[in-house]
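K.L.:
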Amino acid sequence: MNPIKNSVCEKAVFETIFREHSKTIRNFIYMKCGNLSQAEDLTQDAFIKLWKNCAKVPVQKVKSYLFTITKNAFFNEYEHQKVVLKYRDIQRDKVNIEDPEFQLQQKEFQQKLDNAINRLKPKEREVFLLNRIEKKKYREIAELLGIAVKTVEMRMHSALVTMRKEIKNYKI
Amino acid sequence: MKQNNDTTFLAKWLSGELSDSELKEFESSSEYQEYLEITKALEHAELPDYDVEANLNATFHKIDSQEQKKVKRLIPYWAIGIAASLVLCLGIYTFFNTKNYSTQLAEQLQFELPDGSEVTLNSASNIEFAALNWKKNRELSLQGEAYFNVKKGQTFTVNTTYGKVTVLGTSFTVNARDNYFNVMCYHGKVKVITTNNEPIILTKGKAFSLQKDQTENYTIQHTTPEWLSDQSSFYNVSIFEVVQEIERQYNITISGKQNLKQAYFTGRFSHTNLDTALKTVFTAMGIPYNLDKNKNVVIQNY
Numbered sequence: 001m002n003p004i005k006n007s008v009c010e011k012a013v014f015e016t017i018f019r020e021h022s023k024t025i026r027n028f029i030y031m032k033c034g035n036l037s038q039a040e041d042l043t044q045d046a047f048i049k050l051w052k053n054c055a056k057v058p059v060q061k062v063k064s065y066l067f068t069i070t071k072n073a074f075f076n077e078y079e080h081q082k083v084v085l086k087y088r089d090i091q092r093d094k095v096n097i098e099d100p101e102f103q104l105q106q107k108e109f110q111q112k113l114d115n116a117i118n119r120l121k122p123k124e125r126e127v128f129l130l131n132r133i134e135k136k137k138y139r140e141i142a143e144l145l146g147i148a149v150k151t152v153e154m155r156m157h158s159a160l161v162t163m164r165k166e167i168k169n170y171k172i
Numbered sequence: 173m174k175q176n177n178d179t180t181f182l183a184k185w186l187s188g189e190l191s192d193s194e195l196k197e198f199e200s201s202s203e204y205q206e207y208l209e210i211t212k213a214l215e216h217a218e219l220p221d222y223d224v225e226a227n228l229n230a231t232f233h234k235i236d237s238q239e240q241k242k243v244k245r246l247i248p249y250w251a252i253g254i255a256a257s258l259v260l261c262l263g264i265y266t267f268f269n270t271k272n273y274s275t276q277l278a279e280q281l282q283f284e285l286p287d288g289s290e291v292t293l294n295s296a297s298n299i300e301f302a303a304l305n306w307k308k309n310r311e312l313s314l315q316g317e318a319y320f321n322v323k324k325g326q327t328f329t330v331n332t333t334y335g336k337v338t339v340l341g342t343s344f345t346v347n348a349r350d351n352y353f354n355v356m357c358y359h360g361k362v363k364v365i366t367t368n369n370e371p372i373i374l375t376k377g378k379a380f381s382l383q384k385d386q387t388e389n390y391t392i393q394h395t396t397p398e399w400l401s402d403q404s405s406f407y408n409v410s411i412f413e414v415v416q417e418i419e420r421q422y423n424i425t426i427s428g429k430q431n432l433k434q435a436y437f438t439g440r441f442s443h444t445n446l447d448t449a450l451k452t453v454f455t456a457m458g459i460p461y462n463l464d465k466n467k468n469v470v471i472q473n474y
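Sequences listed follow chains A and B, in order.
Each residue of the first sequence is one higher than the last, beginning at 1 in the working numbering.
Each residue of the second sequence is one higher than the last, beginning at 173 in the working numbering.
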């Protein structure tokens with residue numbers, strides 16, 4: 001294997017890595033801070049750091065390197081804003097879209113859900129969203145965050161418990 | 173119910189790790205529908221759109237601009253800092269080191285250099301030198317006229333616009349004014365180096381002058397400059413320079429200088445009596461003039 005061909009310093013390799021991982025990183029930061037432009041800024045900064053240290057980072061370790069940088073960035077910069085999820089209207093096929101009451105209920109519930117997510121503890125939220133939105137398995141999340149699988153499961157559980165209570169108590 | 177005690181129960185439910193019996197029990201509980209509703213709603217939720225190519229471009233743009241900044245900064249900030257402090261130190265050193273003596277019109281000043289050499293400044297003159305390390309580097313710059321009585325030691329150099337005069341230990345006068353350069357040696361030897369001429373050596377009683385590229389060597393009788401004893405003496409000096417010297421010594425303005433015709437004056441005038449001074453110069457040279465009570469001197473056409 002030609003080592004230079006596989007180096008992160010190769011622009012083509014770097015671009016591939018960017019296309020493969022930058023969205024995950026962006027989403028991860030967004031879940032943590034809820035600020036989209038800050039999330040994209042920090043993502044770009046993480047990749048700039050990777051580019052500068054390209055000679056020191058083997059391709060196999062790129063992912064954990066990026067996550068480590070991202071987590072470290074939060075020691076310096078953390079200003080939480082609201083995470084706003086986007087809900088696709090796939091109910092179209094199942095339900096009569098002419099039913100305005102159903103649509104209103106849907107909107108209302110989504111609002112409650114957004115609120116509940118933002119009231120979670122940051123550590124619960126990141127685990128919960130990584131699993132529910134990013135469809136990551138507990139084992140993967142544990143690996144990314146450097147915590148035990150058991151911890152991930154506990155955070156998932158308590159996140160759900162909190163959310164159920166928040167939704168019940170929510171008044172519009 | 174197990175879900176209340178197991179802190180990972182709901183996590184296991186989501187990942188499908190509950191046993192059949194656990195699942196059945198949970199599904200019959202009152203909270204089940206609420207949990208289900210949450211997870212169902214989130215199945216259709218996603219994070220805001222992400223434009224990977226735009227972000228890739230933005231990243232490369234940032235990298236480029238950072239690298240450009242790096243390249244442009246050929247001189248690092250710390251180097252600029254050091255340079256600035258050096259300049260400051262040099263400035264402070266020069267400020268405290270440079271000594272400056274000057275005289276106004278109708279004024280003379282006598283002072284000692286750090287090695288004990290004496291300097292007398294004639295009117296409207298200026299001397300500047302570096303006081304530190306003076307004994308090893310006896311060099312000063314002069315504008316105007318000064319008399320030097322130099323202690324023996326290292327080479328003593330007087331720099332002027334027209335040339336420099338170097339000595340070892342002697343007494344001499346240097347006069348460097350507009351288009352007039354004159355050196356008189358009273359003791360010892362001096363070396364005079366002018367821009368366009370061969371260096372010349374003046375011994376005791378010898379003098380050198382340079383007026384508009386015309387050099388002249390002549391002898392002097394006195395052993396100290398006559399302006400020290402309130403007189404100015406001249407040997408073949410342009411009348412223009414003599415008139416300016418009268419102005420300097422008496423701090424007056426003489427008008428009608430355009431009437432002067434080129435002539436050379438040899439002689440002296442007194443610094444104590446303007447009337448006498450004017451008579452000795454102008455009457456001797458056949459120049460008509462007028463002096464009124466307010467010391468206004470006008471040269472008439474002749």
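C-beta: ideal position from N, C-alpha, C; glycine also.
1) Taking Cβ-Cβ distances shorter than 7 Å, what residues in chain A pair up with B/F181?
2) Select from the stretch 30-58 of chain A all residues with a C-beta closer than 7 Å to any C-beta belonging to chain B, and list them in chain order.
3) Between B/G439 and B/K308, what straight-line distance do the alpha-carbon atoms span, to the nearest angstrom?
4) Could you work out which residue in B/I365, B/W399, B/A456, B/V337 is closest to B/I411 when comparing CA atoms only?
5) Measuring CB to CB, does B/G316 end up less than 8 Å from B/A278?
6) By Cβ distance, which residues of its chain are closer than 7 Å to B/I247, with the 5 residues on each side in sequence left out?
7) When the cut-off is 8 Å and only beta carbons count, does B/N177 lie next to chain A?
8) Check the Cβ of A/R19 against every Cβ in chain B and list those closer than 9 Å, keeping chain order.
9) Please list, in chain order, all residues of the same chain as A/N2 whose beta carbon is under 7 Å from its beta carbon, the five residues on each side excluded.
10) Which of the three DSSP states, helix, strand or coil, is assigned to A/P3?
11) For A/R26 versus A/A39, is the C-beta distance shorter than 8 Å?
12) Mind checking which residues open and close the alpha helix (DSSP H) that includes A/H21?
13) Check whether chain A comes within 8 Å of B/Y204, counting only Cβ atoms and requiring the distance to be less than that.
14) Using the C-alpha atoms, what's the distance from A/F67 back to A/K52?
15) Taking only beta-carbon atoms, is A/I133 less than 8 Å away from chain B?
16) How many angstroms separate the CA atom of B/D169 from the CA atom of A/D45?
17) According to DSSP, is B/K429 helix, strand or coil?
18) Compute the Euclidean distance between the alpha carbons of B/E290 and B/A318, then round it to the nearest angstrom.
19) In the DSSP output, which residue or residues are listed as bridge partners for B/N300?
20) With C-beta atoms as the reference, is B/S343 less than 8 Å away from B/F328?
P.N.:
Reading it off the structure:
1) For B/F181, the chain A residues whose C-beta falls within less than 7 Å of its own C-beta are H157, listed in chain order.
2) Taking 7 Å as the Cβ-Cβ cut-off against chain B, the residues of the stretch 30-58 of chain A that qualify are Y30, L36, E40, T43, Q44, F47, I48, W51.
3) It is roughly 39 Å from the alpha-carbon of B/G439 to the alpha-carbon of B/K308.
4) Closest in alpha carbon position to B/I411, among B/I365, B/W399, B/A456, B/V337, is B/A456.
5) Not in contact: B/G316 and B/A278 (Cβ atoms no closer than 8 Å).
6) Taking B/I247 as the centre and dropping the five residues before and after it, the same chain places no C-beta closer than 7 Å to its C-beta.
7) Contact with chain A is absent for B/N177, since none of that chain's Cβ atoms lies less than 8 Å from the residue's Cβ.
8) Per Cβ cutoff of 9 Å: V224, E225, L228.
9) Because A/N2 carries a pLDDT of 43, less than 50, the predicted location of this residue cannot be relied on, and no value is offered for it.
10) Summary for A/P3: the model assigns pLDDT 45, below 50, so the residue's position carries little reliability; its value from the coordinates is reported in the next sentence. Three-state result, A/P3: coil.
11) Yes, these two residues count as a Cβ contact at 8 Å.
12) Element bounds for A/H21: 11-33.
13) Chain A, which has no Cβ nearer than 8 Å to the Cβ of B/Y204, makes this no.
14) A/K52 and A/F67: Cα-Cα distance of roughly 16 Å.
15) Contact with chain B is found for A/I133, since one of that chain's Cβ atoms lies less than 8 Å from the residue's Cβ.
16) The structure shown has nothing for residue 169 of chain B, since chain B only spans 173 to 474.
17) Secondary structure at B/K429: helix, using DSSP grouped into helix, strand and coil.
18) B/E290 and B/A318: Cα-Cα distance of roughly 10 Å.
19) Checking the sequence, you will find Glu at residue 300 of chain B rather than Asn. In DSSP, B/E300 forms a bridge with B/N272, B/S313.
20) The answer is no: Cβ separation not under 8 Å.
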